[in-house]
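**Student:** Just so we're aligned, residue 1265 is where the sequence shown starts under my numbering, counting upward by one.
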Amino acid sequence: MVPLLAAIVRAGSAAAAAVAGYAAGFMFFAGTCYWITETMIVYGGLNAAAAFGVALLFVLVYALFFAAFALALYYFIRAIGLGGLLFAAPLWVTIELIRANFFFGGFPWMLSGYALVPYEGVLQAASWTGIYGLSFLAAAVNSVLAAALFRRSVTLLAAGAAAIAVAWVLPIIGETHASESIPVRIVQTNISLDQSWDQHSGSVLLDEIERLSIGSRQLEGVIVWPETPAPLYIEEDATFRARVARIAQAADSYFVLGYVGTAGEGSANSAAVISPQGRMISRYDKMHLVPFGEYVPLKRLLFFAEKMVRHVGDFTRGTSYTISPVGSRRLSTVICYESIFPNIVRQFVRRGSELVVVITNDGWFGTSSAPYQHLRMGVVRAVENRRYVIRAANTGVSAIIDPYGRIEAQTEIGVRTALDGAAKFRSDRTFYAAYGDIFAYLNVAAVGFLPLTTLVRRRPKMNIKLKEPYVRRTH
């Protein structure tokens, strides 16, 4: 980020600053979301040229957020000098907040704060501020380094270096341990997107997955299957419903799985929780659908894009946060794309969830870095809410994440396997879970405050040379 800040400070005009920001945004989104092309080929059914065009359009549009940041910061620096860099961090948070919440429901993928996930001590700040606090820290340190560069200040440079050093070695402070735990088995189904689902091949595959689910011993805990591309129906398919009940009963466990639910005349991307007795005790329908993946926004205007959801259907959006009882405790299920939205997971926790299950199908990402990016976002959700996150991914990465963001166990990509571990229920509530993105909105307020301060400009100092008083001379 320092090179971008340097380019903004040195920009000779607002246009030059905006171009520098746009170029940085183009490189950022092209580098972090390069997998969109492959996803559109596999998921959207587009040819390579069309898929590349969609990805390019995405990058061209989202790079505008960086241009807006650069343009605003340029004017701040013009108004108050190099001290305008002090507003880089709150301005950056404001831009990320807008990106995360607007334009087709928002796209908070790989916000800058996720870069701090490897630093476990600093990561804990998310329990107070959410991901935006981490973004603030990242931008603030870069701002200090940029100021040190232009002022040639050894003090500022040392402060920036010290902040980085502290982030590197800072331990987790104030760790507490929940007492009650439950065995967990994550079944990574690894179902190919082009898997044939005729009666015979589908049955053979499900037999293998069932054996992995039951295992060699009675689990007496929670079994989790991922969101899946398979056409699995619990309400409409008596054979599959019986299989699901059999797995739960054989393992004497609660069973969480994704399936295609009925929703009036349409269908929903759903998750069910099955009791150890084989009965469905809760159903959750995904509320935040993927635009152009699970529904087409502005259908009348964008009618040509409807073929992009033909492979998975045009889902009906869910309307309520469902908390499922697990004995005397409670869990929630978040489906795929929803896990990148901090407020969705937070709302489940506010409503009493003591364990967060994330089911996802990251097979659309192929062998790119996207599954690992998605996993990193799940790590921050765990810290924000101080909850275990049980992540079941169709093709990987499946993982068990503790409330401090440590991955206790994880799978490899592209293998069919079962991952055994344990999770603990927690009922305490973090500041972030209770109050949400207050920190982010304080940054918005700070950015709004600067234009007010520039209205009150200091008057230029009077530098008038007074003449000597007239003295009448007499002789």
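A virtual CB, placed ideally from N, CA and C, is assigned to each residue, including glycine. Everything numeric in this text was worked out from a predicted model, so none of it was measured.
What does the alpha-carbon distance come out to for the pair Trp-1373 and Ile-1604?
**Tutor:** Near 7 Å, if we compare the C-alpha coordinates of Ile-1604 and Trp-1373.
**Student:** Taking 8 Å as the threshold (C-beta atoms), are Asn-1649 and Val-1609 in contact?
**Tutor:** It is a contact, given that the beta carbons lie within the stated cut-off.
**Student:** Alpha helix (DSSP H) containing Ile-1272: first to last residue?
**Tutor:** Here the alpha helix (DSSP H) through Ile-1272 covers 1266-1274.
**Student:** Assuming Tyr-1497 and Tyr-1523 make a contact with CB atoms under 8 Å, what is their CB distance in whole Å?
**Tutor:** Between Tyr-1523 and Tyr-1497 the Cβ distance is about 6 Å, and since that is below 8 Å, they are a contact.
**Student:** Assign Ala-1281 to one of two classes, buried (16 or more other C-beta atoms within 10 Å of its C-beta) or exposed (fewer than that).
**Tutor:** Classification for Ala-1281: buried.
**Student:** In the DSSP output, what is Met-1544 paired with across the bridge?
**Tutor:** For Met-1544, which the question treats as bridged, DSSP gives the partners Ile-1538.
**Student:** Determine the contact status of Val-1266 and Phe-1293, defining contact as a CB-CB distance below 8 Å.
**Tutor:** No. Outside cutoff.
**Student:** Can you check which of these residues, Asn-1406, Ala-1389, Gly-1397, is closest to Ala-1704 by C-alpha distance?
**Tutor:** Nearest C-alpha to Ala-1704: Gly-1397.
**Student:** Go ahead and pull the three-state DSSP assignment for Ser-1588.
**Tutor:** Reduced to three states, the DSSP call for Ser-1588 is strand.
**Student:** Could you please give the first and the last residue of the uninterrupted alpha helix (DSSP H) stretch that includes Asp-1471?
**Tutor:** Its alpha helix (DSSP H) spans residues 1463-1478.
**Student:** Determine which residues share a DSSP beta bridge with Ala-1532 and list them.
**Tutor:** DSSP, once it has assigned bridges, lists Gly-1525 as partnering Ala-1532.
**Student:** Looking only at DSSP bridge pairs, what is Ile-1654 linked to?
**Tutor:** According to DSSP, which records beta bridges pairwise, Ile-1654 is partnered with Val-1621, Ile-1664.
**Student:** Classify Leu-1355 as buried or exposed, calling it buried when 16 or more other Cβ atoms lie within 10 Å of its own Cβ.
**Tutor:** Looking at its Cβ environment, which holds 16 or more other Cβ atoms inside 10 Å, Leu-1355 is buried.
**Student:** Shortest alpha-carbon distance to Ile-1623 belongs to which of Ile-1487, Ala-1512, Ala-1709?
**Tutor:** Answer by Cα proximity: Ile-1487.
**Student:** Taking just the CA atoms, how far does Phe-1351 sit from Ala-1327?
**Tutor:** Taking the straight line from one Cα to the other gives about 20 Å.
**Student:** State the CB to CB distance for the pair Ala-1319 and Trp-1489, rounded to an integer number of angstroms; the pair is presumed to be in contact (CB under 8 Å).
**Tutor:** With 8 Å as the limit, Ala-1319 and Trp-1489 do not qualify as a contact, their Cβ atoms being about 31 Å apart.
**Student:** So Leu-1328 is in the alpha helix (DSSP H); what residue range does that whole segment cover?
**Tutor:** That run of the alpha helix (DSSP H) goes 1312-1344.
**Student:** Measuring straight from C-alpha to C-alpha, what distance separates Val-1653 and Ala-1270?
**Tutor:** Using only the alpha carbons, I get a separation of about 39 Å.
**Student:** Give a yes or no on whether the C-beta atoms belonging to Ile-1747 and Leu-1335 are separated by under 8 Å.
**Tutor:** Limits of the chain in this structure are 1265 at one end and 1739 at the other, which puts residue 1747 out of reach.
**Student:** Using alpha carbons as the reference points, say which of Lys-1688, Tyr-1636, Gly-1627 lies closest to Leu-1457.
**Tutor:** The shortest Cα separation from Leu-1457 among Lys-1688, Tyr-1636, Gly-1627 belongs to Gly-1627.
**Student:** Mind checking whether Ala-1509 and Ile-1538 have CB atoms under 8 Å apart?
**Tutor:** In this structure, Ile-1538 lies closer than 8 Å to Ala-1509 by Cβ.
**Student:** State the Cα-Cα distance for the pair Ala-1682 and Arg-1481, rounded to the nearest angstrom.
**Tutor:** Their Cα atoms are separated by approximately 13 Å.
**Student:** For Ala-1399, which of helix, strand or coil comes out of DSSP?
**Tutor:** The residue you asked about is not Ala; residue 1399 is Ser in the sequence shown. DSSP places Ser-1399 in helix when its eight states are reduced to three.
**Student:** Under a Cβ-count criterion, where at least 16 other Cβ atoms within 10 Å of its own Cβ denotes burial, should Tyr-1636 be classed as buried or exposed?
**Tutor:** Exposed, since its Cβ has fewer than 16 Cβ neighbours within 10 Å.
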